[in-house]
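Enquirer:
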């Protein structure tokens, strides 16, 4: 199945909700590129994600629950990889109609990385996972978040990073962060589901999974496929020789109708459009009252 084009879909959706001028996505050329400096079997690999650490006092953070503005965070944070942290995704606009599982392996390949390190496929896993806020401000992402991420990656002596976005704007965030890391000498691969956004912005490497937003790392409840998706990313880290390199994972969502349903204004009546706008405004208001991440 062909990938869903998110940029025109989102443009139509938010115009139907009454938000006027469409968002202007970042576009960076040339795209920086850093070859993997050593064999992957000796490299330290880290995960960088726009998922958020679950924290008390931030409301419902279960997968499948509505977007929760109170769970948003606005500074780069990190948490230990051992034991694997509990991360959530409903602070951003993922596909909550489909990704209704508590299997965080669908959006956080922590177990896949641990298995790759245990088998010797990678030299070691970074000691921390780095969580990056999603911000529509490209300036904030480039000038604030990306340098923070690079500082943490250097502290952890990461040789290569797998970046895992959740929502549409998350894909822009991760592409911009990847560019900064590559300029600092750290090889990256973006493991994402919104191909057109990543290609438009420009990423050094993209391992694409044709999955609903919120499941870029593979189908929930299928650890074998999640491992294959992660291997697609690792193999691209090794094989890419120039920027904008791409590979497609074998993952496919079992119900192909998910693409027709996601943010499709043509399927909504006036009452549903009004309800969605009200919900979106509530998320924004709740985001202003979000407790600080720790």
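In the numbering used here, the protein residues as written are 1164 to 1457.
Every residue, glycine too, gets a C-beta built ideally from N, C-alpha and C.
1. Assuming the contact rule is C-beta atoms closer than 8 Å, residue 1446 and residue 1190 should be a hit. Round their C-beta distance to whole Å, please.
2. DSSP state of residue 1443, grouped into three classes?
3. Can you find the residues in the same chain that come closer than 6 Å, C-beta to C-beta, to residue 1411, ignoring five residues on each side of it along the sequence?
4. Contact defined as beta carbons within less than 8 Å: I believe residue 1341 pairs with residue 1323. What is the distance between those atoms, to the nearest angstrom?
5. Verify whether the separation of the beta carbon atoms of residue 1285 and residue 1204 is less than 8 Å.
6. Is residue 1377 near residue 1329, with beta carbons less than 8 Å apart?
7. Counting only the same chain and skipping the five closest in sequence on each side, list residues whose C-beta sits under 8 Å from that of residue 1274.
8. For the beta strand (DSSP E) containing residue 1276, list its first residue and its last residue.
9. Do residue 1352 and residue 1315 have their C-beta atoms closer together than 8 Å?
10. Taking the straight line between their C-alpha atoms, what separation do you get for residue 1418 and residue 1177?
11. If you draw a straight line from the C-alpha of residue 1393 to the C-alpha of residue 1290, how long is it?
12. Within this structure, are the beta carbons of residue 1325 and residue 1252 separated by less than 8 Å?
13. For residue 1460 versus residue 1244, is the C-beta spacing smaller than 8 Å?
14. Could you check what DSSP says for residue 1409 in three-state terms: helix, strand or coil?
15. State the Cα-Cα distance for the pair residue 1236 and residue 1327, rounded to the nearest angstrom.
16. Mind reading off the beta-carbon distance from residue 1213 to residue 1336? Whole number of angstroms is fine, and I expect it under 8 Å.
17. Tell me, please, which residues DSSP counts as bridged to residue 1373.
18. Reducing DSSP to helix, strand and coil, say where residue 1219 ends up.
19. Helix, strand or coil for residue 1210, going by three-state DSSP, please let me know.
20. Relative to the C-alpha of residue 1202, which candidate in 1413, 1398, 1450 has its C-alpha closest?
21. State yes or no: is the C-beta of residue 1222 within less than 8 Å of the C-beta of residue 1206?
22. In whole angstroms, give me the CA-to-CA distance for residue 1428 and residue 1280.
23. By Cβ distance, which residues of its chain are closer than 7 Å to residue 1311, with the 5 residues on each side in sequence left out?
24. How far does the beta strand (DSSP E) with residue 1339 in it extend, from its first residue to its last?
25. Just reading off the beta strand (DSSP E) that residue 1349 is part of, what are its end residues?
26. Of all the options 1379, 1208, 1307, 1347, which has the alpha carbon lying nearest to the alpha carbon of residue 1276?
27. Which stretch, first to last residue, makes up the alpha helix (DSSP H) that contains residue 1241?
28. Between which residues of its own chain and residue 1421 is the CB-CB distance below 8 Å, once the five residues before and five after are set aside?
29. Name the DSSP beta bridge partners of residue 1327, please?
30. Within this structure, are the beta carbons of residue 1383 and residue 1264 separated by less than 8 Å?
31. Should residue 1380 and residue 1354 be called a contact, given that it needs their Cβ atoms to be closer than 8 Å?
Expert: On the basis of the supplied data:
1. Going by Cβ atoms, the distance from residue 1446 to residue 1190 rounds to 27 Å, so no, they are not a contact pair.
2. helix
3. 1371
4. Actually they are not in contact, since the Cβ atoms of residue 1341 and residue 1323 sit about 11 Å apart, beyond 8 Å.
5. yes
6. yes
7. 1247, 1268, 1386, 1389
8. Note, residue 1276: premise wrong, no beta strand (DSSP E); alpha helix (DSSP H) at 1273–1282.
9. no
10. 25 Å
11. 18 Å
12. no
13. Because the chain is modelled from 1164 through 1457, residue 1460 falls outside the range shown and cannot be assessed.
14. strand
15. 17 Å
16. 6 Å
17. 1415
18. coil
19. strand
20. 1398
21. no
22. 44 Å
23. 1239
24. Unbroken run through residue 1339 is the alpha helix (DSSP H), 1331–1346; no beta strand (DSSP E).
25. From DSSP, residue 1349 is part of no beta strand (DSSP E); its letter is neither H nor E.
26. 1208
27. Premise fails: residue 1241 lies in the beta strand (DSSP E), 1240–1243, not in any alpha helix (DSSP H).
28. 1258, 1260, 1261, 1375
29. 1212
30. yes
31. yes
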